[in-house]
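S.K.: Got a structure here, written out as structure tokens. Questions coming.
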Amino acid sequence: MKLPIRLSKDSREPIYHQIEKQLKALIAGGNLEAQTPLPSIRVLSKDLEVSVITTRRAYQNLEQQGFIQTLQGKGTFVAEISTSDKQQVKIQEVHDTIRQAVEAAQRYDYSLAEIEEIFQKVIAEAKEAGN
Amino acid sequence: MNHLAHITHLEKEIDTFSMGPIDLAIEPGTITALIGNNGSGKSTFLKMIMNLAKPDKGNIKVMNKWVNGEDESWKQHVAYLPQKPIGFAPYNGKTLKKLISGLYPNWDNALFKRLVDDFEIPLGKKYDRLSPGVQQKLNLALTIPRNVPLMILDEPTNFMDIPSKNLLLDVLVEWMENGERALLFASHQSEDIQKLADYLMILKDGVQIGTFEKEDLLERFQTYWLDHMPGEPDSIPGTVSFADGKLLSDNPELTEKILKERNIPWHSQTTLKLEEIITILMK
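These protein sequence lines map, in sequence, to chains D and C.
Going by our numbering, the first residue of the first sequence is number 185, and it counts up by one from there.
Going by our numbering, the first residue of the second sequence is number -19, and it counts up by one from there.
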């Protein structure tokens, strides 16, 4: 199975971390259900055009955090994770996304007060669109 | 560490061309791409591993055996495909298979059949009547099923069409699957290198530039798109080149620190392609 992982090679974020984060998001978001078999390290490395060293690092971290599990001789599978862990990933991802937006605005020399104003505006737009 | 191949301080002189010193350790589970300019000594290096060319200095161990020793049992555990196999010309695929499969006790005949089917290789036709692309497909079908821990391929995708090339990459990935095998391949094809390699060993005119893990190499170079020209770009540490407002660094961490200190902002930052990095390293 091909995983919908897209790496940004220009990002400052290390590649293994990008893989780790996107897999977590796929699992927490329910796109990959528990027991779903994952590609082997070698196959994923070829698909993503990265070394097995990088992929292994991502898998090891995910395994330590309980998102995936490797069964000897059978392969790697999505683990059963608690609702609170899923929630945690979502919170973290939303938080990161907003933080990145704030950083982008700061690079354009916006003050925090101005950014807050923009944020309120975006929220107001979303409310309007929702009704 | 249990190496499948271990090469230390290898040196060789051929007329005016001198190679080395070259060091390389091949671990199980890894794919190493051997990259170099034309005439950089890639094929000679592979031949030395196979004891088909003699080094002047240095040591080579394959499967923990000296390759120039009395005991040649290690050869059964290595599948080597040179650029041009010698002696194939008068035989057809059927005969070649009979000859070669007999030399390798673990020959995987099911895999051989599959490769012959998938690559549509005519086994009844004499080798020298086949096109270079089909010859290469047959070469590979006679090499991969040897079912050994170490495979050494000299420019495996030469002459191959795009679908067969993709098929080969999948076969090689599958071959690596058990994690105990290793592949060393010489290549000029950046796509093959990008998709297969964990490590890149780079040779330039016989000199080993280094052996790098792929992502390490990619992270090593960064281009900074600067908002304004710094006074003296050359004084910024890590600078490889500076043109059109773009600063290329081979030490991003240090370069960024100095750019920040000197208040030189950048609006974008990009990595180089593997091909571009190889070009810089081989300059």
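Glycine included, each C-beta is placed from N, C-alpha and C at the ideal position.
Leaving aside the five residues before and after TYR71 of chain C along the sequence, list all residues of the same chain whose C-beta is less than 8 Å from its C-beta, in chain order.
M.R.: The residues are LEU79, LYS106 and TYR107.
S.K.: Listed in chain order, which residues of the stretch -10 to 21 of chain C have Cβ atoms closer than 9 Å to some Cβ of chain D?
M.R.: GLY9, THR10 and ILE11
S.K.: Grouping DSSP H, G and I as helix and E and B as strand, with all else coil, what is THR75 of chain C?
M.R.: helix
S.K.: Who does ASN39 of chain C pair with in a DSSP beta bridge?
M.R.: C:THR(-12)
S.K.: Once DSSP output is grouped into helix, strand and coil, what is the label at ALA177 of chain C?
M.R.: Three-state DSSP puts ALA177 of chain C in coil, outside helix and strand.
S.K.: Below 8 Å on the Cβ atoms is my contact criterion, and I expect ASP178 of chain C with LYS194 of chain C to pass it. Report the Cβ-Cβ distance as a whole number of Å.
M.R.: 6 Å
S.K.: Look at VAL234 of chain D and ILE199 of chain D and say whether their C-beta atoms are less than 7 Å apart.
M.R.: In terms of Cβ geometry, VAL234 of chain D and ILE199 of chain D form a close pair [threshold 7 Å].
S.K.: Between LYS175 of chain C and chain D, is there a C-beta pair that is closer than 7 Å?
M.R.: Closer than 7 Å: yes.
S.K.: Between C:HIS208, C:LYS175 and C:GLN202, which has its C-alpha nearest PRO217 of chain C's C-alpha?
M.R.: C:GLN202
S.K.: Less than 7 Å between C-beta atoms, sequence neighbours within five positions excluded: which residues of the same chain meet that for LEU110 of chain C?
M.R.: LEU118
S.K.: Whose C-alpha, out of C:LEU164, C:ILE244, C:ASN17 and C:MET(-1), is nearest the C-alpha of MET209 of chain C?
M.R.: C:ILE244
S.K.: Can you say whether GLY73 of chain C is buried or exposed, counting buried as having 16 or more other CB atoms within 10 angstroms of its CB?
M.R.: It counts as buried.
S.K.: Quick one: measure Cβ to Cβ for ALA313 of chain D and VAL273 of chain D, integer angstroms, because I've assumed they're closer than 8 Å.
M.R.: That pair is no contact at about 26 Å.
S.K.: What does ASP194 of chain D touch in chain C if you count any residue whose Cβ is under 7 Å from its own?
M.R.: GLN249, THR250 and THR251
S.K.: Which residue comes first and which comes last in the beta strand (DSSP E) that contains PHE192 of chain C?
M.R.: 187 to 193
S.K.: Across the stretch 37 to 44 of chain C and the stretch 0 to 13 of chain C, are there enough close Cβ pairs to call them in contact, namely three or more that are closer than 8 Å?
M.R.: yes
S.K.: By how many angstroms is the C-alpha of GLU199 of chain C removed from the C-alpha of LEU264 of chain C?
M.R.: This structure gives no information on residue 264 of chain C, because the portion of chain C shown stretches from -19 to 263.
S.K.: Using CA atoms only, rank isn't needed, just tell me which of C:ALA13, C:ASN(-18), C:HIS247 and C:VAL114 is closest to GLN265 of chain C.
M.R.: As displayed, chain C neither begins before -19 nor continues past 263, which places residue 265 of chain C out of reach and without an answer.
S.K.: Using the DSSP secondary-structure output, state which residues sit across from SER248 of chain C in a beta bridge.
M.R.: Per the DSSP secondary-structure output, SER248 of chain C pairs in a beta bridge with C:TRP205.
S.K.: Based on DSSP bridge pairs, tell me the residues matched to GLU(-7) of chain C.
M.R.: The partner list for GLU(-7) of chain C (beta bridge, DSSP) reads C:SER(-2).
S.K.: How should TYR60 of chain C be labelled, buried or exposed, when 16 other C-beta atoms within 10 angstroms of its C-beta is the threshold for buried?
M.R.: buried
S.K.: For the stretch 210 to 227 of chain D against the stretch 252 to 264 of chain D, are there 3 or more C-beta pairs whose distance is under 8 Å?
M.R.: They touch, by the three-pair rule.
S.K.: Given that a residue counts as buried once 16 or more other Cβ atoms are within 10 Å of its Cβ, and exposed if not, what is VAL306 of chain D?
M.R.: VAL306 of chain D is exposed by the Cβ-count criterion.
S.K.: Judging by CA-CA distance, which residue of D:ILE225, D:TYR292 and D:LEU246 is the nearest neighbour of LYS175 of chain C?
M.R.: D:ILE225
S.K.: Please compile the residues from chain C whose C-beta is within a distance smaller than 7 Å of the C-beta of GLU233 of chain D.
M.R.: GLN174 and LYS175
S.K.: Got a sec? Which residues, its chain only, sit under 6 Å from PRO85 of chain C by beta carbon, not counting five neighbours each side?
M.R.: Taken in chain order, the list of residues that qualify is empty.
S.K.: Give me whichever residues DSSP pairs with VAL58 of chain C in a beta bridge.
M.R.: C:LEU130
S.K.: Please classify ASP134 of chain C: is it buried, with 16 or more other beta-carbons within 10 angstroms of its beta-carbon, or exposed?
M.R.: Result: buried.
S.K.: Check whether chain C comes within 7 Å of ARG240 of chain D, counting only Cβ atoms and requiring the distance to be less than that.
M.R.: By this cut-off, ARG240 of chain D is not an interface position.
S.K.: With distances taken Cα to Cα, identify the nearest neighbour of GLN257 of chain D among C:GLU157, C:THR75, C:GLY49 and C:GLU52.
M.R.: Residue identity check: residue 257 of chain D is Gly in the sequence provided, not Gln. With distances taken between Cα atoms, GLY257 of chain D lies closest to C:GLU157.
S.K.: Confirm, please, whether the CB-CB distance from ALA162 of chain C to LEU(-16) of chain C is below 7 Å.
M.R.: yes
S.K.: Could you tell me which chain D residues have their CB closer than 9 Å to the CB of LEU149 of chain C, listed as they occur along the chain?
M.R.: Listed along chain D, the residues sitting closer than 9 Å to LEU149 of chain C by beta-carbon distance are LYS230.
S.K.: Of the residues that make up the stretch 196 to 214 of chain C, which ones have a beta carbon closer than 7 Å to any beta carbon in chain D?
M.R.: Of all residues in the stretch 196 to 214 of chain C, those with a C-beta nearer than 7 Å to a C-beta of chain D are LEU198, reading in chain order.
S.K.: Using a beta-carbon distance below 7 Å, is ASP178 of chain C in contact with chain D?
M.R.: yes
S.K.: What residues of chain D sit near MET156 of chain C, judged by a beta carbon separation below 8 Å?
M.R.: Within 8 Å Cβ-Cβ: ARG226.
S.K.: Is any beta-carbon of chain D found at less than 7 Å from that of VAL153 of chain C?
M.R.: VAL153 of chain C has a beta carbon lying within less than 7 Å of a beta carbon in chain D.
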